[in-house]
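Once you know that position 190 of the sequence shown is 190 in full-length UniProt numbering, the rest is easy, because the numbers rise by one and skip nothing.
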Amino acid sequence: MIYPNNFEQKIGFDDIRAMLKEHCLSSLGKERVDQIAFSTDVNIINEWLEQVREFRRLQEEADDFPLQYFFDVRQAVARIRLEGTYMEAGELFDLRRSLETIHLIVRYLNRAEESVDEKTPAYPYPALHRLTQDVLTFPQLIQRIDQILDKFGNIRDNASAELSRIRSELARTEGSVSRALYSILRSAQNEGLVEKDVNPTLRDGRLVIPVAPALKRRIRGIVHDESATGRTVYIEPAEVVDANNRIRELEADEKREIIRILKDFSNQLRPFVDDILYSYDFLAVIDLVRAKALFASRLMAFEPAINAFPHVDWMHSVHPLLQHSLQKQGKAIVPLDIMLTRERRILIISGPNAGGKSVCLKTVGLLQYMLQCGLSIPVSERSSIGIFQNIMIDIGDEQSIENDLSTYSSHLLNMKNMMRQANDRTLLLIDEFGAGTEPQIGGAIAESVLRQFCKKGAYGIITTHYQNLKNFAEDHDGVVNGAMLYDRQEMRALFQLQIGQPGSSFAIEIARKIGLPEEVIRDASEIVGSAYVQSDKYLQDIIRDKRYWENKRQTIHQREKEMEKTIEKYENDISEIEQNRKEILRKAREQAEDLLRESNRKIENTIREIREHQAEKEETRRIREELNSFKEEIQKVDTKDNDEKIARKMAQIQQRRERHEKRKREKAEDQRRTTEAIKAAVLAKSSTASTDFEVGDAVRIKGLSSVGKVESVDGKMAVVIFGDMRTKMRKDRLEHVTTTESNETERSLQPYSISRSTRETIDSRKLNFKQDLDVRGMRGDEALHAVTYFIDDAILVGMPRVRILHGKGNGILRQLIRQYLSTVPNVTDYHDEHVQFGGAGITVVDF
1 MIYPNNFEQK IGFDDIRAML KEHCLSSLGK ERVDQIAFST DVNIINEWLE
51 QVREFRRLQE EADDFPLQYF FDVRQAVARI RLEGTYMEAG ELFDLRRSLE
101 TIHLIVRYLN RAEESVDEKT PAYPYPALHR LTQDVLTFPQ LIQRIDQILD
151 KFGNIRDNAS AELSRIRSEL ARTEGSVSRA LYSILRSAQN EGLVEKDVNP
201 TLRDGRLVIP VAPALKRRIR GIVHDESATG RTVYIEPAEV VDANNRIREL
251 EADEKREIIR ILKDFSNQLR PFVDDILYSY DFLAVIDLVR AKALFASRLM
301 AFEPAINAFP HVDWMHSVHP LLQHSLQKQG KAIVPLDIML TRERRILIIS
351 GPNAGGKSVC LKTVGLLQYM LQCGLSIPVS ERSSIGIFQN IMIDIGDEQS
401 IENDLSTYSS HLLNMKNMMR QANDRTLLLI DEFGAGTEPQ IGGAIAESVL
451 RQFCKKGAYG IITTHYQNLK NFAEDHDGVV NGAMLYDRQE MRALFQLQIG
501 QPGSSFAIEI ARKIGLPEEV IRDASEIVGS AYVQSDKYLQ DIIRDKRYWE
551 NKRQTIHQRE KEMEKTIEKY ENDISEIEQN RKEILRKARE QAEDLLRESN
601 RKIENTIREI REHQAEKEET RRIREELNSF KEEIQKVDTK DNDEKIARKM
651 AQIQQRRERH EKRKREKAED QRRTTEAIKA AVLAKSSTAS TDFEVGDAVR
701 IKGLSSVGKV ESVDGKMAVV IFGDMRTKMR KDRLEHVTTT ESNETERSLQ
751 PYSISRSTRE TIDSRKLNFK QDLDVRGMRG DEALHAVTYF IDDAILVGMP
801 RVRILHGKGN GILRQLIRQY LSTVPNVTDY HDEHVQFGGA GITVVDF
């Protein structure tokens, strides 16, 4: 239960709905936003949040999710339930595009990934996939619509054989009328009946000639209209009256045939109306989920896991509307940590006015309501959240002249309803509890009501200034005090909630800051008594000291963390140094062993030589003993004492390596200089012979890459053939080309052939190409984009002439299009269409 009826307005949820609608793609989603409702089913809420969570992940992982056409044509679809009704061409075009979007979304969300259990497919977005259940798609209907409409939403000429015949005859008749009318107009201009710059125009759908009133009887025909000034009359020559009548008949036949085609399609569509409407409900849900995901990103909110029992343990929670407002002002919001548990169900918040008590209360109400409506909320990911069956709020002034209710009476009425409905799954939000009447009796009634809430086990947040309610919280289990902190030194609210002790109203300090006379403040202090003033002062001191030691504790905790990080870093560095030291020693020992083996080999060779020369055995024994002694010294060498030796050895190795690298660099430099010298010699040689050319030599112009052949030489001049071009130039402008460069150039200039797939693509475009392009209603950049592709396709398929319908209007589109056409080399001419076919509203382009 949500109480009262204007709950959403009181907590600001109507503004949340408005912000959600800003992110919707269509009226489908906006309608769903209006239908968002409070739920108490934990499974449903978790499913809503999982949909948002998956869609946010989808937006990060994929950029091909179809979101292009969200049209709401439910009303038009529902209308064709009646026999004889049909959808207009524009409605049919929107239906086709939105049905395709539904089909693509369903196919996207039904894509399964590989899973361990082959019988159970794994979907990357399971919650969104569950939305597609029982949603039908209609690819065959989309295909049938494509047979009726072209890509611009116009009825195709070949939508039916009869329509094709009618339009062909209509085009022939209009052509004959145009020719006849221009012939009559030229004759009238030659006779002086009509001015030279006059063109035919349309009146009531019929082609007419503008004539001066004094000469209207000189032209035989029907007067259809006259200008506002009366200086021009519009005559339809008698020679074209019958043809114009035939055009009217054909246009009527065309309209009847189009209606017949649309009715025939509506008959095919009618059995699927209910399934189509259900698929549009799915499209609306996708629009809503997308809006929720964008809204969550905007608020930096997330989707927490929900517990099935009442519980509030929020870290760094913020009021989304207040956050949005402060961001516009360039200010930062102070987050709140709020906790309501089974042991501490009711929080009594006290503190100074304008200190954030009401904001705290509204934050809890709005975020809990948003959560149970399936929206992400701006709290820390460490937060723990439950659900409530009832949320009741008493905030603001509800006095009513019609119901004879004062402010306090309205509060009492709310208390009565709350006590009647409250239970252990109810969240109560009461602002200024007991205010509005004489303080002593108001405080007593408030305390009694609070006792009833405690008996019912209700949860709640209550703001107050009454001392007896603060004392009640200290003496009763399940109720806890909370304080909105205030900086007494700087005399400003900190907007921080601290749970555990009551807050001071700081009435005397605020009065002194505002500037009330000191005499008034002193008298007020004497009236309430020194004991009250001192107790309030002590309370302020306690709050101040607690805040000081809390900041001190946080500082110490932060420094301990930094110290732990520093110690860990030093330990890692020491471990790494020790590891490097061991590695260096290991390599040094290996090098020493290699050296020892080499020494053994040399000594063995020496001994062999001694034996071969029959030396004394005693001398041989002495040499072996010295060798073994040297070997034992190396094996027993102390690592610590030998570090300096190892370091010197490593330094020697490094020096040898540097000397080797230096020799390599010097050798490479010598080779480079030698190569450059050879190149210079070759160039010098080629320069001396560069002017000696013979017929057939491969040459090129100095500084260019195109290769040609010498055809003839005449003194200082030479005739060279470059491809299909022959040119005569001075020989000193030419240079020889190597055989390799010449062959590569010839290969690059070999004729190429068009692949089969490319030829099939061109043939397909020729068959499907339409010679007319309609850009009416487009913006300038959109129109130029469409015209550019249209002209490219026309040149590709080899069209000799096309037409661009841009309308007359102010002539802006016409001017932009013609400026572009003037830059296209293939366009030989562009001009207005005949007046009969649209005149200045159509540009005819010749290639």
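Glycine included, each C-beta is placed from N, C-alpha and C at the ideal position.
Note that the structure is a prediction, hence the values are computed from the model and not measured.
To the nearest angstrom, report how far apart His831 and Leu92 are at their CA atoms.
-> On the sequence shown, residue 831 is found 831 positions in, with the first residue counted as 1. On the sequence shown, residue 92 is found 92 positions in, with the first residue counted as 1. Going from the Cα of His831 to the Cα of Leu92 covers about 34 Å.
Just curious, the beta strand (DSSP E) that Met315 is in, first and last residue?
Position 315 of the sequence shown, counted from the first residue, corresponds to residue 315. Counting along the chain, the beta strand (DSSP E) containing Met315 begins and ends at 312-317.
key: Under the three-state DSSP convention, the category Gln143 falls into   = Position 143 of the sequence shown holds residue 143. Correct three-state label for Gln143: helix.
- Is Lys481 helix, strand or coil by DSSP? Here residue 481 refers to the residue found at position 481 of the sequence shown. According to the sequence shown, residue 481 is Asn rather than Lys. Strand.
Is DSSP giving Glu708 helix, strand or coil here?
Here residue 708 refers to the residue found at position 708 when the sequence shown is read from its first residue. The sequence shown places Gly at residue 708, rather than the Glu named in the question. Strand.
query: If you check the beta carbons only, do Asp94 and Phe71 fall under 7 Å apart?
result: For the purposes of this step, residue 94 is taken as the residue at position 94 of the sequence shown. For the purposes of this step, residue 71 is taken as the residue at position 71 of the sequence shown. In this structure, Phe71 lies closer than 7 Å to Asp94 by Cβ.
* Asked: Ser187: buried (16+ other C-beta within 10 angstroms of its C-beta) or exposed?
  -> Locating residue 187 in the sequence shown gives position 187, counting from the first residue. Flag for Ser187 reads exposed.
- request: Give the secondary structure of Ala293 by DSSP, where H, G and I count as helix, E and B as strand, and everything else as coil.
  value: Locating residue 293 in the sequence shown gives position 293, where the first residue counts as 1. Note: Ala293 maps to helix in three-state DSSP.
Q: Return yes when the Cβ of Ser358 is within less than 7 Å of the Cβ of Trp314, no when it is not.
A: The count along the sequence shown starts at 1 and reaches residue 314 at position 314. The count along the sequence shown starts at 1 and reaches residue 358 at position 358. No, these two residues do not count as a Cβ contact at 7 Å.
- [ ] With 7 Å as the threshold, decide whether the Cβ of Arg586 is near any Cβ in chain C.
- [x] No chain C appears in the structure shown, which is made up of a single protein chain.
Check your understanding: Is DSSP giving Val379 helix, strand or coil here?
Key -> To locate residue 379, count along the sequence shown from 1; it is residue 379. Correct three-state label for Val379: coil.
Please classify Ser712 as buried or exposed, where buried requires at least 16 neighbouring CB atoms within 10 angstroms. Translated into positions along the sequence shown, residue 712 becomes position 712. Label assigned to Ser712: exposed.
**Request:** Under 8 Å by Cβ, that's how I've got Ala446 and Phe433 pegged, so tell me the actual separation to the nearest angstrom.
**Result:** To locate residue 446, count along the sequence shown from 1; it is residue 446. To locate residue 433, count along the sequence shown from 1; it is residue 433. Indeed, because the Cβ distance is near 5 Å, the residues count as touching under 8 Å.
What's the gap between the Cα of Phe790 and the Cα of Asp146?
For this step, residue 790 is matched to residue 790 along the sequence shown. For this step, residue 146 is matched to residue 146 along the sequence shown. Cα to Cα, Phe790 sits roughly 20 Å from Asp146.
- Message: Is the separation between the beta-carbon of Tyr408 and that of Thr437 shorter than 7 Å?
- Response: Position 408 of the sequence shown, counting from 1, holds the residue named residue 408. Position 437 of the sequence shown, counting from 1, holds the residue named residue 437. The answer is yes: Cβ separation under 7 Å.
Go ahead and label Ser448 buried or exposed: buried means 16 or more other beta carbons lie within 10 angstroms of its beta carbon, across all protein chains shown. By 1-based counting over the sequence shown, the position of residue 448 is 448. Classification of Ser448: exposed, given that the 10 Å Cβ count is below 16.
According to DSSP, simplified to helix, strand and coil, what is Glu564?
Within the sequence shown, numbered from 1, the residue matching residue 564 stands at position 564. Helix, per DSSP.
**OP:** Examine the Cβ distances between the segment 130-142 and the segment 165-178 and report whether three or more of them are shorter than 8 Å.
**Re:** no
Subject >> Host alpha helix (DSSP H) of Ser448 (start-end) >> reply: Stepping through the sequence shown from its first residue, residue 448 is reached at position 448. Element bounds for Ser448: 439-456.
For Met392 and Leu340, I'd like the C-alpha separation in whole angstroms. What you label residue 392 is simply residue 392 of the sequence shown in a count that begins at 1. What you label residue 340 is simply residue 340 of the sequence shown in a count that begins at 1. Each residue's alpha carbon lies about 16 Å from the other.
Quiz prompt | Nearest-angstrom Cα separation, counted from Val824 out to Glu54 | solution = For this step, residue 54 is matched to residue 54 along the sequence shown. For this step, residue 824 is matched to residue 824 along the sequence shown. Distance between the alpha carbons of Glu54 and Val824 is about 49 Å.
Neighbourhood of Ile842 by C-beta distance below 8 Å, restricted to the same chain and skipping five residues each side: As a working mapping, residue 842 is identified with position 842 in the sequence shown. Closer than 8 Å at Cβ, skipping near neighbours: Arg803, Ile804, Leu805, His806, Asp832, Glu833.
Practice prompt. Compute the Euclidean distance between the alpha carbons of Phe495 and Asn353, then round it to the nearest angstrom.
Written response: Position 495 of the sequence shown, counted from the first residue, corresponds to residue 495. Position 353 of the sequence shown, counted from the first residue, corresponds to residue 353. Approximately 11 Å between the Cα atoms of the pair.
Kindly indicate which residue of Lys709, Ile155, Ile795, Asp714 has the alpha-carbon position closest to the one of Glu735.
As a position in the sequence shown, residue 735 is number 735, starting the count at 1. It is Lys709 whose Cα lies nearest to the Cα of Glu735.
**Separation of Ala228 from Leu784, as counted between CA atoms** = In the sequence shown, counting from the first residue as 1, residue 784 sits at position 784. In the sequence shown, counting from the first residue as 1, residue 228 sits at position 228. Roughly 37 Å between the two C-alpha positions.
message = I'd like to check one pair, Val198 with Pro210: are the Cβ atoms closer than 7 Å?
response = By 1-based counting over the sequence shown, the position of residue 210 is 210. By 1-based counting over the sequence shown, the position of residue 198 is 198. Their beta carbons are under 7 Å apart, which means Pro210 touches Val198 by this criterion.
Q: Look at the alpha carbon of Arg553 and the alpha carbon of Glu560, and state the distance between them as a whole number of angstroms.
A: Locating residue 553 in the sequence shown gives position 553, where the first residue counts as 1. Locating residue 560 in the sequence shown gives position 560, where the first residue counts as 1. When rounded, the distance between both Cα atoms is 10 Å.
Checklist line | Pair within 7 Å by beta-carbon distance, Ile462 and Ile430 | finding: What you label residue 462 is simply residue 462 of the sequence shown in a count that begins at 1. What you label residue 430 is simply residue 430 of the sequence shown in a count that begins at 1. Yes.
**OP:** Take every Cβ of the segment 272-285, pair it with every Cβ of the segment 76-90, and state whether three or more of those distances are shorter than 8 Å.
**Re:** yes
Q.
So, under 8 Å CB-CB, Ile166 and Asp253 are touching, yes? Tell me the CB distance rounded to an integer number of Å.
A. Residue mapping note: residue 166 aligns to position 166 of the sequence shown, counting from 1. Residue mapping note: residue 253 aligns to position 253 of the sequence shown, counting from 1. Going by Cβ atoms, the distance from Ile166 to Asp253 rounds to 5 Å, so yes, they are a contact pair.
Is Ser33 buried or exposed, if buried means 16 or more other CB atoms sit within 10 Å of its CB?
As a working note, residue 33 is residue 33 in the sequence shown. The identity of residue 33 in the sequence shown is Val, whereas the question assumes Ser. Flag for Val33 reads buried.
(Q) Assuming Gly365 is part of the alpha helix (DSSP H), what are its boundary residues? (A) The residue given as residue 365 occupies position 365 in the sequence shown. Segment 357-372, the alpha helix (DSSP H) holding Gly365.
>> Let me check understanding here. Comparing Cα to Cα, which of Ser380, Gly356, Arg342 lies closest to Cys454?
In response: Along the sequence shown, one-based indexing puts residue 454 at 454. The shortest Cα separation from Cys454 among Ser380, Gly356, Arg342 belongs to Arg342.
Thinking just about the alpha-carbon of each residue, which of Tyr369, Leu336, Asp573, His103 is nearest to the one in Gly12? Numbered from 1 along the sequence shown, position 12 holds the residue referred to as residue 12. Among Tyr369, Leu336, Asp573, His103, the Cα nearest to that of Gly12 belongs to Tyr369.
Cross-strand partners of Ala698 (DSSP beta bridge): Your numbering for residue 698 matches position 698 in the sequence shown. DSSP lists Lys709 as partners of Ala698.
State buried or exposed for Asp394, treating a residue as buried only when at least 16 other CB atoms are found within 10 Å of its CB. Looking up residue 394 in the sequence shown gives position 394. Under this definition Asp394 is a buried residue.
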